[in-house]
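Novice: Chains as they are written, first to last, in the working numbering: chain A, 438 to 863; chain B, 438 to 863; chain C, 5 to 139; chain D, 5 to 139. Can you read through this structure? Questions will come right after.
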Amino acid sequence: MAVEPASPITTRTIGPGAFSGTALRGDFPVFDAPTRQGKRLVYLDAAASSPKPRAVIEALADAYAHHYANVHRGIYELSEDATARFEGARRRVAGFIGAPSEREIVFVRNATEAINLVAYSWGRTNLSPGDRLLTTQLEHHANIVPWQQLTAEVGATLEYVAITDDGRLDMDDLAAKLANGPKLLALAQVSNALGTINPVAEITEMAHRAGALVLVDAAQSAPHMPIDVRQIGCDFLALSGHKMLGPSGIGILWGRRELLDAMPPFMTGGSMIIRVTLEGAEFNEVPYRFEAGTPAIAEAIGLGAAIDYLDALGMDNVREHERLLFERAWAALGEIPGVRRLGPDDPDTHAGVISFVLDGIHPHDVATVFDHEGVAVRAGHHCAMPVMTRYDLPATTRASFYLYNDTDDVDALTDAVRATQQVFGG
Amino acid sequence: MAVEPASPITTRTIGPGAFSGTALRGDFPVFDAPTRQGKRLVYLDAAASSPKPRAVIEALADAYAHHYANVHRGIYELSEDATARFEGARRRVAGFIGAPSEREIVFVRNATEAINLVAYSWGRTNLSPGDRLLTTQLEHHANIVPWQQLTAEVGATLEYVAITDDGRLDMDDLAAKLANGPKLLALAQVSNALGTINPVAEITEMAHRAGALVLVDAAQSAPHMPIDVRQIGCDFLALSGHKMLGPSGIGILWGRRELLDAMPPFMTGGSMIIRVTLEGAEFNEVPYRFEAGTPAIAEAIGLGAAIDYLDALGMDNVREHERLLFERAWAALGEIPGVRRLGPDDPDTHAGVISFVLDGIHPHDVATVFDHEGVAVRAGHHCAMPVMTRYDLPATTRASFYLYNDTDDVDALTDAVRATQQVFGG
Amino acid sequence: MDNLYRDFILEHYRNPHNKGVLDPHDLHFADSNPTCGDEMSMSLRLDDGKERIADVAFDGRGCAISQASASILTDDLRGKSLDDVRAMDPGELLDDLGVPIGPARLKCALLSYKVLQGAVQGGAVAWPEEAEAVG
Amino acid sequence: MDNLYRDFILEHYRNPHNKGVLDPHDLHFADSNPTCGDEMSMSLRLDDGKERIADVAFDGRGCAISQASASILTDDLRGKSLDDVRAMDPGELLDDLGVPIGPARLKCALLSYKVLQGAVQGGAVAWPEEAEAVG
Ligand SMILES: Cc1ncc(COP(=O)(O)O)c(C=O)c1O
Ligand SMILES: Cc1ncc(COP(=O)(O)O)c(C=O)c1O
Chain A
438 MAVEPASPIT TRTIGPGAFS GTALRGDFPV FDAPTRQGKR LVYLDAAASS
488 PKPRAVIEAL ADAYAHHYAN VHRGIYELSE DATARFEGAR RRVAGFIGAP
538 SEREIVFVRN ATEAINLVAY SWGRTNLSPG DRLLTTQLEH HANIVPWQQL
588 TAEVGATLEY VAITDDGRLD MDDLAAKLAN GPKLLALAQV SNALGTINPV
638 AEITEMAHRA GALVLVDAAQ SAPHMPIDVR QIGCDFLALS GHKMLGPSGI
688 GILWGRRELL DAMPPFMTGG SMIIRVTLEG AEFNEVPYRF EAGTPAIAEA
738 IGLGAAIDYL DALGMDNVRE HERLLFERAW AALGEIPGVR RLGPDDPDTH
788 AGVISFVLDG IHPHDVATVF DHEGVAVRAG HHCAMPVMTR YDLPATTRAS
838 FYLYNDTDDV DALTDAVRAT QQVFGG
Chain B
438 MAVEPASPIT TRTIGPGAFS GTALRGDFPV FDAPTRQGKR LVYLDAAASS
488 PKPRAVIEAL ADAYAHHYAN VHRGIYELSE DATARFEGAR RRVAGFIGAP
538 SEREIVFVRN ATEAINLVAY SWGRTNLSPG DRLLTTQLEH HANIVPWQQL
588 TAEVGATLEY VAITDDGRLD MDDLAAKLAN GPKLLALAQV SNALGTINPV
638 AEITEMAHRA GALVLVDAAQ SAPHMPIDVR QIGCDFLALS GHKMLGPSGI
688 GILWGRRELL DAMPPFMTGG SMIIRVTLEG AEFNEVPYRF EAGTPAIAEA
738 IGLGAAIDYL DALGMDNVRE HERLLFERAW AALGEIPGVR RLGPDDPDTH
788 AGVISFVLDG IHPHDVATVF DHEGVAVRAG HHCAMPVMTR YDLPATTRAS
838 FYLYNDTDDV DALTDAVRAT QQVFGG
Chain C
5 MDNLYRDFIL EHYRNPHNKG VLDPHDLHFA DSNPTCGDEM SMSLRLDDGK
55 ERIADVAFDG RGCAISQASA SILTDDLRGK SLDDVRAMDP GELLDDLGVP
105 IGPARLKCAL LSYKVLQGAV QGGAVAWPEE AEAVG
Chain D
5 MDNLYRDFIL EHYRNPHNKG VLDPHDLHFA DSNPTCGDEM SMSLRLDDGK
55 ERIADVAFDG RGCAISQASA SILTDDLRGK SLDDVRAMDP GELLDDLGVP
105 IGPARLKCAL LSYKVLQGAV QGGAVAWPEE AEAVG
């Protein structure tokens, strides 16, 4: 692979009606400079966190430079301005995920905190000894460990839906475990370790029929495809801003208003109260009840800017773009001997995340050679150790696509695989 | 007050050996533009949140533009770079507060989360029915409500150290309540509602003799004076980055290593585990055990830049600067009839935060007239309702100084008081 | 101070109309402004048909905006039917105040409206949308 | 690939020295790399005075760096006193590897050192500072 000029802006379009990933790279300053080895940066780690477009960085800097003050209680121009922008971001998020009301949008740090909030607040109020919770074997640790802690604390039982050899949820097992009457099913819409897209709308319907609430971990789906909580029908949804072009330190819990209204606070302190006496406190309405202390003000505003950027492209187009990259990469990797790809074959149920292993080469070594080639991928258990256990692997290498990737990046990926095999094979 | 040119950079120095607040305003872009009313912005609300210097905004933008990736597990240049900068910020924070090791620095969202973390993790492990906890009547809600929730949950008792008419802790009452054997004393180093500086080193010694651990809420002290956890001798310390020139969404819990080591996790998920199976999880070392999920990466780096800015000025100088502003403002307000000032007279025990009420004028109306004059102050209960109750006030107006303020700002404050009295008196 | 606090706002603040508690009363409700903790109560006496407002009073301490707003709002209530009150538009009250109310003060200006609605609807109501925008 | 994976690293990876479990043994310890979950164990047989290492073996699956590092480290242990082992400098092992180890791979390179220290010190030890820097 030759060294290419930084962020070449072309008008080449990938796929009908979609945009050019090559051109979009010009929006992301991280692509301006070559890597230490003088290579063009091929960033294939969106699933861990995404680069930020200039529009988001500038929105953040502008918020800090000219519109920053603490929110909600300041009777002066700057605070009113900051508050209006912060609450405007909440409305943008509501629109992005189809929430009926922005009052259902709780700002948290990340998807992990969103899930912990539900586990602590909903879980400790609604779970009794002997109750069941259901999650799946393909979850990120963020959607496993909080439920393990919760069920251990209250004496409830946690069950896991099994996964098939090609990384899909085993729907028979799901039906069987729903029949055990869990109070809640927590599952990812897209697996970060396998790329699997779960049919969350269908599953939610099954779960509701069985009397279970449904929490959807949208950390890997919200950045990459259109999301509509009404269409999914779920009860809670969690996402992270940093995976969808937004700042770090900001994430979202969405919950149905009537559920949130009935939930006690998680963290307590300023802003989330109505009245405090030495005897006790009276709590504010949702979503404020769940936002104790000074929130990530500018980061929420930055997330709003990220949503504007995504909306301008169109989430349908983003999904279509990544599907094409997936298809090409999946096929190309399939042609290289010694490559084992994980997850489903069908592009309808596989997002732009490809986990793979190279025969006889440890994924850490793969990533090191890739890095040398300018290709940034992740290697490890991807915070999904039960998936690794399921396939008896210590780790995998994972390439994940986003809107700034193009077919050159797919070629870089397969070139890097060959280069790695050469180092270790020759 | 006449309209002044934006951020006049002068070399006038306030106080011997200190810096010029007037000159420093040039570092803060928020002072570049006049207010809606065409006035020079006189920002007297640092206690709620501080403006950001260009150096911090640029460090943030640079981190996002050129050094951003997820941390800790990426085997590629960008992630290694981001991780080194993120962990470098942790070391900077440790140095800033005199922590023996950066392993004792836990990144959280804000002081509120820091206190909640201790209440959930230390509190639920170490508190039994009948135990006592001690806090004070001058605390921010963030240092009251988590303890109310905790003690209610475990059946323990929460007591409050009384405050004197001039807003100091009643040391006899403190001694008496320590004699009741509380497991922990949680108190602010500086009251955000009264400006009182508590003698936390002396109090920690008293508490330790009585067998109580001590949590110091340094949200209002860390930005304004030198802090050294070894000199204070406390066991936990909480602070918020956004009040000390840093980004929103980042704060710190410091705790003694042996205490943190013995505490169970608070939130759970990625990064904070060593191993996850379907049966359970094994948790990582501190501080990672307490940092579930993707942290506020760039915000931590921004906090590091804020600390660099403060270190360059010298925290002793910052304190001295604010003491002079306090003395001048306290005296000037004292000369205006109809002004009641709260908190101690002695500048050694009063930080640059002045809470006051104007006879017959509601603090909300005061703040509105001030806003009209370009003077940003806070009006309300300052998330310290028990303080309001103690002095039988619905609210106060609060002016709080920082390093970019100067004597012109003190004059603007007294001018605004007179203007308010004119509106309501005439 | 231009029109920030018009004379008539200050006049209502200094000498509020309809201040106190009606005893006996048919309806009573109290609520508070979460941003400052100020509380306000309202007591209403109805006519014999229990359909229209015969008399009204408000009580509680607060800022000039909230006190003037309550004074102005209550001045206008006698003779109104409960249905009319339920249908009242909060925007009209803002207009009646006649001064620009910044977003941070909207809850001050609309606390009286919220308390009145609580009284005639038999329980706490949500803040009008105007006052929600900024939390 | 320049010097990223020198031939002798790959040689140690493909044909590791001292691989397996000594049975019986005097000391045994296992630990893992939290960033990837890779586990490694080490078993040691001591001389009659229980002072010096008579034989050593490591076991576990892992990347080329961790396997080569364990292979190289264990090659050098026979005859060393336990005190010498306790005093070993992790930096020397990094030098012995002879390839640049990026910060993210330091734990891979030093896992064998950590496991060895755990074995001779009778319990898990902290990561060497070199490997701490980047969490
Ligand atoms: C004394 C004190 N403690 C705690 C807090 C809470 O800080 P944060 O809202 O950043 O969590 C504040 C903020 O006003 C404070 O002044
Ligand atoms: C499916 C899934 N859920 C949850 C998370 C946790 O996200 P965060 O670390 O932002 O909390 C991730 C992040 O990798 C993820 O991929």
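Built from N, CA and C at the ideal position, the CB exists for glycine as well.
Flag this pair as touching only if the segment 631 to 646 of chain B and the segment 780 to 789 of chain B have three or more C-beta atom pairs under 8 Å; answer yes or no.
Specialist: yes
Novice: What number of angstroms, rounded off, separates the C-alpha of arginine 10 (chain C) from the C-alpha of arginine 835 (chain B)?
Specialist: Approximately 25 Å between the Cα atoms of the pair.
Novice: Anything in chain B within Cβ reach of threonine 714 (chain A), meaning under 8 Å, just list it in chain order.
Specialist: Met822, Pro823, Thr826
Novice: Taking the straight line between their C-alpha atoms, what separation do you get for isoleucine 534 (chain A) and proline 663 (chain A)?
Specialist: 8 Å
Novice: Does chain C have any CB closer than 8 Å to the CB of asparagine 721 (chain A)?
Specialist: yes
Novice: Run through chain B and tell me which residues come within less than 7 Å of tyrosine 9 (chain C), C-beta to C-beta.
Specialist: Per Cβ cutoff of 7 Å: Val860.
Novice: Can you list, in chain order, the residues of its chain whose CB lies under 7 Å from that of glutamate 524 (chain B), leaving out five sequence neighbours each side?
Specialist: none
Novice: Step through the CB atoms of chain B and report whether any lies within less than 8 Å of the CB of alanine 68 (chain C).
Specialist: yes
Novice: Could you round the C-beta distance between glutamine 657 (chain B) and valine 467 (chain B) to whole angstroms and report it? I think they count as a contact, below 8 Å.
Specialist: Not quite, the Cβ-Cβ distance comes to about 21 Å (not below 8 Å), so this is no contact.
Novice: Flag this pair as yes or no: are the beta carbons of valine 814 (chain A) and leucine 481 (chain A) separated by less than 8 Å?
Specialist: Cβ distance < 8 Å, so valine 814 (chain A) and leucine 481 (chain A) count as in contact.
Novice: CA-CA distance, proline 104 (chain C) and leucine 8 (chain C)?
Specialist: 7 Å
Novice: Could you check whether the Cβ of threonine 731 (chain A) sits closer than 7 Å to any heavy atom belonging to ligand 1?
Specialist: yes
Novice: Which chain A residues are close to serine 36 (chain C), counting only those with a beta carbon under 9 Å from its beta carbon?
Specialist: Ile711, Arg712
Novice: Hey, out of A:Ala492, A:Tyr501, A:Met681, whose CA is closest to proline 488 (chain B)'s CA?
Specialist: A:Tyr501
Novice: May I ask which residues mark the beginning and end of the alpha helix (DSSP H) holding aspartate 745 (chain A)?
Specialist: 734 to 750
Novice: Taking only heavy atoms of ligand 1 into account, decide whether any of them is closer than 7 Å to the Cβ of glutamate 121 (chain C).
Specialist: The residue asked about is misnamed: residue 121 (chain C) is glutamine in this sequence, not glutamate. No, since every heavy atom of ligand 1 falls outside the 7 Å radius drawn around the Cβ of glutamine 121 (chain C).
Novice: Grab me the residues of glutamate 736 (chain A)'s own chain with a C-beta within less than 6 Å of its C-beta, minus the 5 sequence neighbours each way, in chain order.
Specialist: Pro684, Gly686, Ile687
Novice: Starting from the Cα of leucine 587 (chain B), find the closest Cα among B:Thr705, B:Asp568, B:Arg477, B:Thr714 and give me that residue.
Specialist: B:Asp568
Novice: What would DSSP say about isoleucine 634 (chain A), mapped onto helix, strand or coil?
Specialist: strand
Novice: Assuming alanine 128 (chain C) contacts aspartate 42 (chain C) (C-beta within less than 8 Å), just tell me the rounded distance between them.
Specialist: Not a contact, Cβ separation roughly 16 Å.
Novice: How close, in whole Å, do the beta carbons of glutamate 596 (chain A) and leucine 571 (chain A) come, if the pair is a contact with beta carbons under 8 Å?
Specialist: The beta carbons of glutamate 596 (chain A) and leucine 571 (chain A) sit about 5 Å from each other, so the pair counts as a contact at 8 Å.
Novice: Would alanine 61 (chain D) pass as a contact of lysine 23 (chain D) if the rule is Cβ separation under 8 Å?
Specialist: Remark: C-beta atoms of alanine 61 (chain D) and lysine 23 (chain D) approach each other more closely than 8 Å.
Novice: Which full runs of the beta strand (DSSP E) of 3+ residues lie inside the segment 788 to 843 of chain A, going along the chain?
Specialist: 790 to 795, 815 to 817, 833 to 837
Novice: With DSSP as the reference, please indicate the residues paired to glycine 692 (chain B) in a beta bridge.
Specialist: DSSP, once it has assigned bridges, lists B:Phe673 as partnering glycine 692 (chain B).
Novice: Quick one: is methionine 5 (chain D) near chain B, going by C-beta distance under 8 Å?
Specialist: Residue confidence for methionine 5 (chain D) is low, a pLDDT of 46 falling below 50, so the modelled location carries little weight; the figure read from the coordinates is stated next. Not closer than 8 Å to any Cβ of chain B, the Cβ of methionine 5 (chain D) fails to qualify, so no.
Novice: Measure from the alpha carbon of threonine 641 (chain A) to the alpha carbon of each residue in A:Glu550, A:Gly751, A:Gln668, A:Val545, then state which is nearest.
Specialist: A:Gln668
Novice: Under 7 Å between beta-carbons, which chain B residues line up against glycine 41 (chain D)? List them in chain order, please.
Specialist: Arg712
Novice: Using DSSP bridges, identify the partner residues of serine 658 (chain A).
Specialist: Partner(s): none; serine 658 (chain A) has no beta bridge.
Novice: Does the structure place the segment 549 to 561 of chain A close enough to the segment 573 to 590 of chain A that three or more beta carbon pairs sit under 8 Å?
Specialist: yes
Novice: Cβ of arginine 529 (chain A) less than 8 Å from any chain C Cβ?
Specialist: no
Novice: With C-beta atoms as the reference, is leucine 48 (chain C) less than 8 Å away from histidine 29 (chain C)?
Specialist: yes
Novice: Measure the beta-carbon distance from arginine 564 (chain B) to alanine 593 (chain B) and round it to whole angstroms, keeping in mind my assumption that it falls under 8 Å.
Specialist: The sequence shown places leucine at residue 564 (chain B), rather than the arginine named in the question. Confirmed, Cβ separation roughly 5 Å.
Novice: Using the Cα positions of valine 651 (chain B) and aspartate 698 (chain B), report the straight-line distance between them to the nearest angstrom.
Specialist: 17 Å
Novice: Leaving out five residues on either side along the sequence, give the residues of the same chain with a beta carbon under 8 Å from the beta carbon of arginine 693 (chain B).
Specialist: Glu541, Asp672, Phe673
Novice: Could you tell me if glutamate 810 (chain B) is buried or exposed, where buried requires 16 or more neighbouring beta carbons within 10 angstroms of its beta carbon?
Specialist: Buried is the label assigned to glutamate 810 (chain B), since at least 16 other Cβ atoms lie within 10 Å of its Cβ.
Novice: For proline 442 (chain A), would you say it is in contact with chain B, using Cβ-to-Cβ distances shorter than 8 Å as the test?
Specialist: Confidence at proline 442 (chain A) is low in this model, with a pLDDT of 39, below 50, so its placement is unreliable and no value can be given for it.
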